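Residue numbers (full-length UniProt numbering): 1 to 646.
Note that the Cβ used here is the ideal one computed from N, Cα and C, for glycine as well.
Remember, it's a predicted structure, so these values are computed and weren't measured experimentally.
Everything on this sheet refers to the single structure shown next.
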Ligand code: WTA
């Protein structure tokens with residue numbers, strides 16, 4: 001293989017970066033020699049109501065399993081994001097909101113964000129929400145989404161944000177799992193000029209959630225929506241009744257901050273639980289270190305707050321650092337494919353963080369939509385969510401950044417809280433397609449399928465051998481599932497579920513999931529979830545779903561469907577099944593390809609051989625490997641012959 005291109009740290013960056021090469025080396029050395037001191041210093045960036053004395057208390061062994069950081073410290077996340085910037089920076093901008101319609105935007109100062117958050121917190125309190133209660137947030141990308149999260153944090157309630165693209169069924173499952181009795185939503189959302197019926201989705205979800213007693217409805221479009229007396233309240237009216245003063249609740253460092261549901265290889269989505277002290281420390285530290293963030297700069301992360309990226313890099317990280325964070329309601333191609341770049345010019349964005357899938361889609365439109373904008377304000381670019389192919393990286397660097405902006409490719413997961421593998425732009429030479437190296441204190445290991453540790457340049461399964469502050473603490477309501485999912489494949493290690501290559505320079509190249517999770521446009525989906533949605537349709541007897549390489553989405557969804565004897569394959573049925581999955585999970589989970597499969601390749605014990613299904617989907621059918629263990633090898637011939645033209 002030819003050597004990949006290397007981009008050294010630009011001279012100007014080497015001179016003025018927050019962390020330069022020497023600083024990076026010093027941090028690596030320090031965390032080895034004096035880990036306690038290193039972590040203490042990192043956590044010292046937060047305001048503690050009561051300082052911690054214990055830094056780390058961790059064991060990954062089943063017998064005495066525990067993950068605790070700064071455990072006896074007391075703090076409040078919302079006070080760290082808001083109050084401590086007051087009064088000195090009361091008039092600094094906390095959020096710039098850019099609406100779906102380019103004519104719609106507004107700026108919110110730290111003083112205003114504080115007042116809005118306090119009001120929202122008082123409304124929650126007036127509806128009986130107490131410390132430890134779970135509150136579900138199902139909002140579009142409007143400032144109230146951030147206020148709602150911070151309001152929960154303020155009173156010690158645990159938020160569970162559900163992405164606005166999820167269906168009523170998906171909302172219901174998440175509300176039931178964490179037994180939340182209060183939901184914050186909006187009348188409607190607006191994305192790319194299209195209406196998203198948020199309140200209507202909540203109403204449908206709530207037919208399955210009898211315990212929900214309060215729905216707060218934020219006004220976004222002003223549409224008239226159904227309001228159930230005694231349950232549904234117009235947020236505007238509730239807000240007018242409460243004061244803008246709400247003292248922050250003192251929280252233990254290990255008290256839960258939020259739950260965020262994410263897909264795994266089996267079963268229903270898991271409620272990933274993050275706690276207060278460690279999570280906020282890691283979100284804030286990485287936001288400053290990886291993005292070389294400086295006070296006064298405008299930071300734009302294009303993710304939705306419904307995903308972890310939005311939690312850590314729209315709300316908690318930037319606000320803990322007193323940054324100006326841009327909240328964008330729209331989509332990259334509305335009203336035109338120049339939208340991202342126009343927003344950058346309009347608000348003079350300095351740091352821009354997006355997903356490879358968006359870049360690949362925009363790249364297709366050519367350079368013109370980019371080049372007609374200035375982008376002079378930009379100084380750093382970032383990506384997250386999936387591996388970035390070198391072509392997209394190079395385009396981002398050359399066309400968007402005009403060769404002057406380093407790109408930080410950040411690898412992390414919902415479970416890790418914030419970035420773990422990423423360059424420090426003032427210290428790390430870049431290789432397009434590699435997330436480069438672990439941040440100081442992050443201990444990666446590559447192992448083979450049997451758990452044997454692999455050294456040097458190699459391919460393997462990516463594990464982490466020791467904890468970092470932002471690590472998830474449990475699966476909500478199912479601690480056993482947490483330990484089994486992450487710490488038993490390779491006992492004593494956290495297994496990421498990702499495959500990875502390490503090159504001779506010690507750079508890491510994530511190759512994608514090695515489990516049954518797929519990554520579609522940066523959205524993480526369990527194939528099992530899509531399968532169970534499909535078999536819930538009356539025409540489907542059995543279904544198996546795999547990912548296949550997709551030019552724009554990274555991975556596409558390929559479904560093999562066995563119909564019941566009564567059902568007949570047809571294009572109409574295919575369309576109906578795609579629509580069905582959209583309704584069951586959400587539009588982003590719709591299969592790209594459905595192949596009718598009279599039978600699925602199974603072992604004699606009945607296990608579906610996904611390896612074969614993946615190969616057929618990828619159209620790599622010359623080497624299907626060993627098929628002798630199949631119960632009925634002829635099934636494979638049929639699958640290959642009738643392969644859908646993906
Ligand atoms: C993938 C998103 C390559 C990876 C923050 C991981 C990446 C999963 C990168 C987590 C990256 C994320 N390069 N792959 N820079 N970032 N991934 O939980 O497979 O939605 O396990 O968190 O996305 O997805 P999640």
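Can you tell me whether residue i is buried or exposed? The criterion is at least 16 other CB atoms within 10 Å of its CB, across all chains shown.
i: residue 445; result: buried
i: residue 130; result: exposed
i: residue 179; result: exposed
i: residue 302; result: buried
i: residue 61; result: exposed
i: residue 321; result: buried
i: residue 422; result: buried
i: residue 59; result: exposed
i: residue 42; result: buried
i: residue 375; result: buried
i: residue 453; result: exposed
i: residue 66; result: exposed
i: residue 309; result: buried
i: residue 598; result: exposed
i: residue 325; result: buried
i: residue 47; result: exposed
i: residue 544; result: buried
i: residue 553; result: buried
From residue i to residue j, what distance separates their C-alpha atoms?
i: residue 262; j: residue 524; result: 7 angstroms
i: residue 381; j: residue 608; result: 42 angstroms
i: residue 104; j: residue 144; result: 15 angstroms
i: residue 640; j: residue 546; result: 15 angstroms
i: residue 684; j: residue 116; result: An answer regarding residue 684 cannot be provided, because it is not within the stretch 1 to 646 covered by the chain.
i: residue 229; j: residue 316; result: 35 angstroms
i: residue 466; j: residue 474; result: 16 angstroms
i: residue 97; j: residue 612; result: 47 angstroms
i: residue 86; j: residue 146; result: 18 angstroms
i: residue 177; j: residue 167; result: 16 angstroms
i: residue 332; j: residue 361; result: 9 angstroms
i: residue 122; j: residue 84; result: 20 angstroms
i: residue 615; j: residue 549; result: 11 angstroms
i: residue 198; j: residue 440; result: 42 angstroms
i: residue 189; j: residue 410; result: 29 angstroms
i: residue 253; j: residue 78; result: 13 angstroms
i: residue 478; j: residue 487; result: 14 angstroms
i: residue 31; j: residue 81; result: 26 angstroms
i: residue 232; j: residue 100; result: 26 angstroms
i: residue 540; j: residue 169; result: 19 angstroms
i: residue 528; j: residue 267; result: 7 angstroms
i: residue 270; j: residue 259; result: 9 angstroms
i: residue 118; j: residue 236; result: 14 angstroms
i: residue 304; j: residue 566; result: 42 angstroms
i: residue 596; j: residue 533; result: 16 angstroms
On the three-state DSSP scale, how would you describe residue i?
i: residue 310; result: helix
i: residue 293; result: coil
i: residue 544; result: strand
i: residue 334; result: coil
i: residue 258; result: strand
i: residue 409; result: strand
i: residue 234; result: strand
i: residue 64; result: helix
i: residue 603; result: strand
i: residue 42; result: helix
i: residue 56; result: strand
i: residue 252; result: strand
Return the chain-ordered list of same chain residues with a C-beta closer than 6 angstroms to the C-beta of residue i, the five sequence neighbours on each side being excluded.
i: residue 152; result: 135 and 159
i: residue 436; result: 423, 428 and 507
i: residue 493; result: 463 and 465
Have a look at the options and flag the residue whose alpha-carbon is nearest the alpha-carbon of residue i.
i: residue 394; options: 447, 421, 430 and 384; result: 430
i: residue 314; options: 578, 233, 617 and 94; result: 94
i: residue 162; options: 306, 112 and 184; result: 306
i: residue 402; options: 412, 418, 583 and 372; result: 372
i: residue 619; options: 114, 642 and 318; result: 642
Looking only at its chain, what residues have a beta carbon closer than 7 angstroms to the beta carbon of residue i, apart from the 5 residues adjacent to it on each side?
i: residue 127; result: 182 and 214
i: residue 682; result: Nothing can be reported for residue 682: it is not among the residues displayed for the chain, which extend from 1 to 646.
i: residue 13; result: 406, 425 and 426
Leaving out five residues on either side along the sequence, give the residues of the same chain with a beta carbon under 8 angstroms from the beta carbon of residue i.
i: residue 511; result: 387, 459, 498, 499, 500 and 501
i: residue 19; result: 27, 289, 292, 424, 426 and 427
i: residue 438; result: 420, 421, 444 and 508
i: residue 405; result: 378, 379, 380, 381 and 397
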